[in-house]
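Numbering (this note's numbering), first residue to last: 836 to 994. Accompanying notes for the structure given below.
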Amino acid sequence: MAEHSITSENNGLRMGIMTAVVLIVYTGIAALAGFLDKIEAGTLDLVILGGGVVLAIKRFKRSRGNRMSYLQGFSTGIITALVASVLLAGFFWVLGGLSGGDVGAAQRMQARDLFGADLGVLIGGLGIILLGSMTGVIVALVAMQYFKSPDHQPIASLD
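Dropping the structure here:
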């Protein structure tokens with residue numbers, strides 16, 4: 836039986852929080868282990884975020900009895916990515932504030948832009964929100980090609 840009390844918004848919020856918890860735990864472990872500044876650490880963050888978006892869309896489709904509109908699934912993926920990215924950025928800001936006394940940890944958390952200038956923790960957190968949101972949009976767009984309802988019909992040609 837389909838559970839229609841789940842909307843794309845509350846599903847995205849719930850799955851975004853769960854994805855953020857996984858991301859925060861992973862980022863905390865990466866910070867404690869000292870490999871937060873490696874590019875691979877950020878890449879695994881994006882894989883975790885993409886997995887959260889796909890699971891959110893899958894959960895929403897299942898709750899709708901395997902019938903959902905394209906935009907409902909797309910929006911649940913976007914909301915999931917946005918919530919997870921904002922919470923991860925908040926954790927990154929807190930982590931940067933806590934390591935403010937430790938100059939080495941603060942320098943490891945600073946990012947470099949393409950021209951070699953140091954970017955602070957604030958700009959790094961905003962970058963996390965931007966990168967996570969855009970990654971979530973792309974993953975949701977691709978995932979909806981797989982999860983769209985079987986009765987979805989493309990628009991007829993105008994010819």
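For every residue, glycine included, the Cβ atom is placed at its ideal position computed from N, Cα and C. Here the structure is a predicted model, which is why all the values come from computation and not from measurement.
Does the distance from the CB of Asp880 to the CB of Thr862 come in under 8 Å?
yes
May I ask you to report which of helix, strand or coil DSSP gives Lys896?
helix
On a Cα-Cα basis, can you pick out the residue from Ala876, Gly959, Glu875, Ile963 that is closest to Ala916?
Ile963
State the DSSP-derived secondary structure class of Thr842, mapped to helix, strand or coil.
coil
For the putative contact between Val918 and Leu848, defined by C-beta atoms under 8 Å, what is the C-beta separation to the nearest angstrom?
6 Å
Is DSSP giving Gly877 helix, strand or coil here?
helix
Which same chain residues end up closer than 8 Å to Phe870 when comparing Cβ atoms and leaving out the 5 residues on each side of it in sequence?
Ala876
Run through DSSP, which three-state label would Met903 get?
coil
Rounded straight-line distance, which links the Cα of Phe895 to that of Met903:
8 Å
Residue nearest to Leu976 in terms of C-alpha spacing, selected from Arg897, Val956, Glu844, Ile892:
Ile892
Is the Cβ-Cβ distance between Met979 and Phe909 less than 8 Å?
yes
Between the alpha carbons of Asn845 and Gly932, how many angstroms are there, rounded?
31 Å
Which residues mark the beginning and the end of the alpha helix (DSSP H) in which Leu957 is found?
956-982
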